[in-house]
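Okay, so here's the structure we're looking at.
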Amino acid sequence: MNKRKLLTSLVAGLLLAGIFFLLGRPEKYDVLVVGAGAAGLFAALEAEAEGASVLVIEKMPTIGGNTIRATGGMNAAESEVQEKLGISDSLESHLEDTLQAGHRTNNPVLAEILVEQAKEAVSRLRALGADLEDVGYLAGHSAPRTHRPTGGAPVGTEIVRVLEEALKERGIPIRLETRITGLIRKGDGVKGALVRDKTGREYRILSSALVLATGGYGGSPRTFVRYNPALAGFNTTNHPGATGDYIPLAEDIGARMVDMDQIQAHPTVEPDHGILITEALRGNGGILVDLMGRRFTDELAFRDILSARILERRNGTAYLVFDDRVRRSLSAAENYIQRNLVKSADTPEELAGKLGIDPPLFSGELENYNRIHHSGLDDPYGRSGLSIPLDTPPYYGIKVSPGVHYCMGGLAIDDHTRVLRDSDGKAIPGLYAAGEATGGIHGNNRLGGNSLADAVIFGRIAGREAARK
Numbered sequence: 000m001n002k003r004k005l006l007t008s009l010v011a012g013l014l015l016a017g018i019f020f021l022l023g024r025p026e027k028y029d030v031l032v033v034g035a036g037a038a039g040l041f042a043a044l045e046a047e048a049e050g051a052s053v054l055v056i057e058k059m060p061t062i063g064g065n066t067i068r069a070t071g072g073m074n075a076a077e078s079e080v081q082e083k084l085g086i087s088d089s090l091e092s093h094l095e096d097t098l099q100a101g102h103r104t105n106n107p108v109l110a111e112i113l114v115e116q117a118k119e120a121v122s123r124l125r126a127l128g129a130d131l132e133d134v135g136y137l138a139g140h141s142a143p144r145t146h147r148p149t150g151g152a153p154v155g156t157e158i159v160r161v162l163e164e165a166l167k168e169r170g171i172p173i174r175l176e177t178r179i180t181g182l183i184r185k186g187d188g189v190k191g192a193l194v195r196d197k198t199g200r201e202y203r204i205l206s207s208a209l210v211l212a213t214g215g216y217g218g219s220p221r222t223f224v225r226y227n228p229a230l231a232g233f234n235t236t237n238h239p240g241a242t243g244d245y246i247p248l249a250e251d252i253g254a255r256m257v258d259m260d261q262i263q264a265h266p267t268v269e270p271d272h273g274i275l276i277t278e279a280l281r282g283n284g285g286i287l288v289d290l291m292g293r294r295f296t297d298e299l300a301f302r303d304i305l306s307a308r309i310l311e312r313r314n315g316t317a318y319l320v321f322d323d324r325v326r327r328s329l330s331a332a333e334n335y336i337q338r339n340l341v342k343s344a345d346t347p348e349e350l351a352g353k354l355g356i357d358p359p360l361f362s363g364e365l366e367n368y369n370r371i372h373h374s375g376l377d378d379p380y381g382r383s384g385l386s387i388p389l390d391t392p393p394y395y396g397i398k399v400s401p402g403v404h405y406c407m408g409g410l411a412i413d414d415h416t417r418v419l420r421d422s423d424g425k426a427i428p429g430l431y432a433a434g435e436a437t438g439g440i441h442g443n444n445r446l447g448g449n450s451l452a453d454a455v456i457f458g459r460i461a462g463r464e465a466a467r468k
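FYI, numbering that gives the first Met the number 0 numbers position 298 of the sequence shown as 297, with every residue one higher than the one before it.
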């Protein structure tokens, strides 16, 4: 028996040696970052600042991940921009909103890190040249704290732009169309990865530390339905690369995953094209009406609540309605108009006709909404902050329904972003994670604007910690 075991071990060793011979001499870096969204790009930037040699690999032909699709903004309380604009806010309020949105199932340590480091993260982005000078109000927030470019332009492209420029200035390489196929282990830890380029060539990259920033699994219906069957048939706002690449790696190495069934549906997605309609349209004054033309909810309710209320409507759809004052307050609205997602008209009755809803009923709802605004009465649906009446033509309407947007679940990490082993909860040496590939921060539901804060903050931590290993 001992001889048989010895022979088996020798054969396995020879096979492994043969595989490594075929793969050629490995490349070596201090830190390998997998994924080039906000979390991965910031991890690379921080690791390089610590003196580490860094390589970023990205399986898609372009960088940005879901970050580049982000439109709403990035949350931070007590920021310099808020102070400049005279906005009163507090870390305590931001934390309470975050915990309330997550039904208090958040990892409290990680949620506190998110809130406490958000203002410094915004300052860091501004120092890199990002325009985050506008601050808006999103659903579920007790104060305006969502930072975005001037005029309410989409925030994701701005963040990716400055991070890409920063990496270029520092000579940090990004290798596109290169995907991770496995982890290289040493003992109970990770010492690099097996990767494959667009030609199919496989090779090894050895590293002292590896950061998984591969994003979530919201772009793979097969995967999100596996974890939450109730989402079968849902559209998705995710980019096609969000396929949960970390999941087989986690299963192979025995990493803990948490909250995998907690997948957020964004309430306002244009159903024919799967395009997210930013929450900022509602935050700046837009309202929701059903297919009859009636308001039915507080438009600024938490995302899970609002999605459920829309799904209760006929056909699970609604119309997001706004006027020209709201349109001019948010440049993202122009993008929807240019993409022919929007119906417009000079009167509420004419707009109702174009949307196929009841003109007198819709016109009456709009009149009542404006009357409540002007009189200072309480909104019957509990909406607070009715700061903008809808009385400036032309009027606009977009058909919306909930769509898969964000995965709250992912790899379990500690406050140093070290990935935890499932068997004993201890950190796996050499393995870090950040961004939507991680779980626990948001609990059962994410507060709008917290995802970019999450990616930036924990990406920075992961980069620093990986470099210091």
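Virtual Cβ for every residue (Gly too), placed ideally from N, Cα, C.
Going along the chain, which residues of its own chain have a beta-carbon closer than 7 Å to the beta-carbon of residue i, five neighbours each way excluded?
{"i": "D421", "result": "G253, A254 and R255"}
{"i": "S306", "result": "A264, P266 and P401"}
{"i": "S87", "result": "A142"}
{"i": "G292", "result": "A351, I356, D357, L360, F361 and E364"}
{"i": "L166", "result": "L40, A43, L44 and I173"}
{"i": "L230", "result": "F223, V224, I262 and V403"}
{"i": "F321", "result": "L280, G284, G285, L389 and Y395"}
{"i": "F301", "result": "A100, A138, G139 and N444"}
Give me the DSSP bridge partner(s) of residue i.
{"i": "F321", "result": "Y395"}
{"i": "Y431", "result": "V210 and R417"}
{"i": "K342", "result": "G396"}
{"i": "I112", "result": "In the DSSP output, where bridge partners are listed per residue, I112 has none listed."}
{"i": "A48", "result": "Answer is none; A48 lacks a bridge partner."}
Less than 8 Å separating the beta-carbons of residue i and residue j?
{"i": "T70", "j": "V154", "result": "yes"}
{"i": "V30", "j": "A208", "result": "yes"}
{"i": "V341", "j": "G285", "result": "no"}
{"i": "D378", "j": "I387", "result": "no"}
{"i": "H146", "j": "G34", "result": "no"}
{"i": "S328", "j": "N283", "result": "yes"}
{"i": "Y431", "j": "V210", "result": "yes"}
{"i": "T416", "j": "E366", "result": "no"}
{"i": "D297", "j": "Y380", "result": "yes"}
Using a Cβ-Cβ cutoff of less than 8 Å, which residues in the same chain neighbour residue i once the five nearest sequence positions on both sides are dropped?
{"i": "Y226", "result": "Y216, M259, D260, I262 and G408"}
{"i": "V399", "result": "P266, T267, V268, E269, P270, I276, L287, I309, T316, A317, Y318 and L319"}
{"i": "S122", "result": "S78 and E79"}
{"i": "L127", "result": "V161, L162, E164 and A165"}
Compare the C-alpha of residue i against each of the options and name the closest.
{"i": "G214", "options": "A208, Y245 and R203", "result": "Y245"}
{"i": "A323", "options": "V194, A344, L410 and P428", "result": "With the sequence shown as reference, residue 323 is identified as Asp, and Ala is not the correct amino acid for it. Residue A344 is the option with its Cα nearest to D323."}
{"i": "G439", "options": "P393, N105, L310 and E77", "result": "N105"}
{"i": "E176", "options": "I158, K197 and E164", "result": "K197"}
{"i": "R160", "options": "G186, R125, R370 and P379", "result": "R125"}
{"i": "A466", "options": "D297, I304, G34 and S52", "result": "S52"}
{"i": "Y405", "options": "L40, R178 and G218", "result": "G218"}
{"i": "E311", "options": "V320, L319 and F295", "result": "F295"}
{"i": "R453", "options": "E26, V32, Q81 and A38", "result": "The sequence as given places Asp at residue 453; Arg does not occur at that position. Considering only alpha carbons, the answer is A38."}
{"i": "R242", "options": "G64, P60 and S450", "result": "Reading off the sequence, residue 242 comes out as Thr, not Arg. Per the Cα distances, G64."}
{"i": "R184", "options": "G447, I427 and L410", "result": "I427"}
{"i": "R338", "options": "G101, Y28, E278 and G273", "result": "G273"}
{"i": "V418", "options": "L113, A212, A46 and R68", "result": "A212"}
Could you spell out where the alpha helix (DSSP H) holding residue i opens and where it closes?
{"i": "T156", "result": "V154 to E168"}
{"i": "H93", "result": "L90 to A100"}
{"i": "T145", "result": "No alpha helix (DSSP H) contains T145, which is instead part of the beta strand (DSSP E) from T145 to R147."}
{"i": "Y28", "result": "Taken as a continuous stretch (DSSP letters only), Y28 belongs to no alpha helix (DSSP H), being part of the beta strand (DSSP E) at E26 to V33."}
{"i": "I309", "result": "R302 to L310"}
In terms of residue numbering, what span does the beta strand (DSSP E) encompassing residue i cover?
{"i": "I286", "result": "I286 to V288"}
{"i": "K353", "result": "Premise fails: K353 lies in the alpha helix (DSSP H), P347 to L354, not in any beta strand (DSSP E)."}
{"i": "D271", "result": "Neither: D271 is in no beta strand (DSSP E) and is coded neither H nor E."}
{"i": "N180", "result": "Just to set this straight, residue 180 is Thr in the shown sequence, not Asn. T180 -> beta strand (DSSP E) spans R178 to K185."}
Give a yes or no on whether the minimum CB-CB distance between residue i and chain C is below 8 Å.
{"i": "T156", "result": "Although the question refers to chain C, the structure presented lacks it and comprises just one protein chain."}
So, at 6 Å on beta carbons, what are the nonlocal neighbours of residue i in its own chain, with the 5 sequence-adjacent residues on each side left out?
{"i": "P247", "result": "none"}
{"i": "I179", "result": "V33, A192 and V194"}
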